[in-house]
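Reviewing the structure listed below.
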């Protein structure tokens with residue numbers, strides 16, 4: 319079986335499965351497209367890209383991310399009445415999605431790195447952070463560099 323036919327077969331099976339989970343064909347297609355983007359970004363070898371287990375793992379991961387984002391979005395929009403939601407411009411909706419993604423990424427990094435990044439974002443200098451955390455300046459720079467790197471790994475896909 320060649321790669322193209324295997325891709326189509328896996329895609330159709332995943333589409334049927336996700337359509338049942340999402341209740342709409344369009345959402346299922348969007349999730350599969352996102353999963354394929356992740357596969358292309360992460361795997362260089364085309365033959366291994368369509369390994370069935372890996373493909374469905376990434377598809378389910380994308381579905382879970384989609385579901386979580388929808389739940390968080392509902393928390394933000396529950397206070398607004400339906401008229402104000404419809405009138406919101408696309409940019410605000412995209413900013414809300416980015417805000418949700420940033421919050422999720424911050425929740426996935428370690429507690430110490432999250433606290434350090436939030437303090438740095440508040441505007442503390444390296445020197446002030448070093449004093450507050452009772453470490454040397456060079457240690458603080460290294461810890462902050464590692465915290466930023468961990469956050470950036472969690473935000474992979476944004477640039």
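In our numbering, the protein residues as written are 319 to 477. All C-beta atoms, glycine included, are put in the ideal place defined by N, C-alpha and C.
- By the criterion of a C-beta distance shorter than 6 Å, residue 337 is surrounded in its chain by 343 and 346, once the five residues flanking it on both sides are discounted.
- DSSP, reduced to helix, strand and coil, places residue 349 within a helical segment of the structure shown.
- With respect to the C-alpha of residue 351, the residue from 329, 419 and 341 having the closest C-alpha is 329.
- The DSSP-derived three-state label of residue 342 is coil.
- Residue 439 and residue 388 have their C-alpha atoms spaced approximately 27 Å apart.
- Sequence-distant partners of residue 474 (beyond 5 residues in either direction) whose C-beta falls short of 7 Å from its own C-beta are missing from its chain.
- For residue 451, the enclosing alpha helix (DSSP H) has its first and last residue at 444–451.
- Ranked by Cα distance from residue 415, the options 327, 371, 375 and 386 are led by 386.
- According to the DSSP assignment, residue 369 belongs to no alpha helix (DSSP H), since it is labelled neither H nor E.
- Annotation for residue 440: no alpha helix (DSSP H) segment contains it, and DSSP assigns it neither H nor E.
- Taking a cut-off of 8 Å for Cβ pairs, the segment 421–428 and the segment 444–459 do not touch, as fewer than three such pairs fall below it.
- For residue 472, the enclosing alpha helix (DSSP H) has its first and last residue at 455–472.
- The three-state reading of DSSP puts residue 420 in helix, counting H, G and I together.
- Look at residue 337 here: in three-state DSSP terms it is helix.
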